[in-house]
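Residue numbers for the sequence shown follow numbering that gives the first Met the number 0, beginning at 0 and rising by one.
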Amino acid sequence: MKEIIRLAIFAGMLIGIGGLTYLNVGGIIGAVLFAFGLLSVVLCKAQLYTGKAGFLPYRQFPKVMTIMLGNVVGCALIAVLTLYTKNPKVMEGVGAIVASRAAASWHGLILTSIGTGIIMTLAVYGALNKNYLPLLFGVPVFIMCGLPHCVADSFYYSVYAVNGMFEWWMLRPWVYAMIGNYIGCNLPRIFMQKDLTQPIQ
């Protein structure tokens with residue numbers, strides 16, 4: 000369990016670095032560079048909520064939630080860097096994302112987050128089968144479509160928190176995104192009717 004928590008924190012840090020890069024650069028280039036986070040997670044075999052939810056047995060849901068908590072801690076550690084980088088584009092970008100989450104309905108957040116979950120599971124599935132293009136393109140796809148990713152959102156909310164701007168209502172859209180991501184992560188194996196941990200035949 001200690002190893003899982005350690006690798007979950009590391010995964011959160013990697014996604015946080017990707018998120019920080021996206022906020023600094025913005026646009027399609029920033030979205031593509033964000034993919035560094037997920038590529039690194041897969042390379043290091045780190046424990047990411049949306050990288051495990053569609054592969055672990057359903058009975059291991061408590062393990063998935065432990066991974067999520069570790070991801071949050073990792074994201075928060077990277078969020079501290081925004082106190083020192085002092086780039087106004089970062090806070091502007093976070094503000095826009097947080098505002099979009101606040102304006103969305105609960106069902107809208109869940110439905111859009113399902114899309115992210117599908118993308119993330121298929122991206123990791125591709126990597127397990129030595130095809131890394133879904134990893135490279137999947138992240139920009141969900142970012143440019145405005146689909147919520149609960150771990151990335153953990154980083155954005157953490158940026159608000161370390162800068163003294165966090166409010167408790169932010170937990171509501173985060174929980175809905177987490178639910179939607181979990182559903183979406185599991186849809187590929189439901190539709191494909193197969194264990195995704197097994198290679199393509």
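Built from N, CA and C at the ideal position, the CB exists for glycine as well.
Three-way DSSP call (helix, strand, coil) for residue i in this model
| i | result |
| --- | --- |
| residue 91 | helix |
| residue 194 | coil |
| residue 147 | coil |
| residue 60 | helix |
| residue 163 | coil |
| residue 235 | Lying outside 0 to 200, the shown extent of the chain, residue 235 is not represented and no answer is given. |
| residue 130 | coil |
| residue 104 | coil |
Run of the alpha helix (DSSP H) containing residue i, from where it starts to where it stops
| i | result |
| --- | --- |
| residue 9 | 1-24 |
| residue 83 | 81-84 |
Residue environment, residue i, which counts as buried when at least 16 other CB atoms sit within 10 Å
| i | result |
| --- | --- |
| residue 196 | exposed |
| residue 28 | exposed |
| residue 51 | buried |
| residue 147 | buried |
| residue 86 | exposed |
| residue 34 | buried |
| residue 42 | exposed |
| residue 141 | buried |
| residue 170 | exposed |
| residue 151 | buried |
| residue 82 | exposed |
| residue 22 | buried |
Presumed contact (8 angstroms Cβ cut-off) between residue i and residue j, rounded CB distance
| i | j | result |
| --- | --- | --- |
| residue 65 | residue 7 | 7 angstroms |
| residue 187 | residue 108 | Incorrect: roughly 21 angstroms between the Cβ atoms, too far for contact. |
| residue 10 | residue 38 | The Cβ separation is near 12 angstroms, so there is no contact. |
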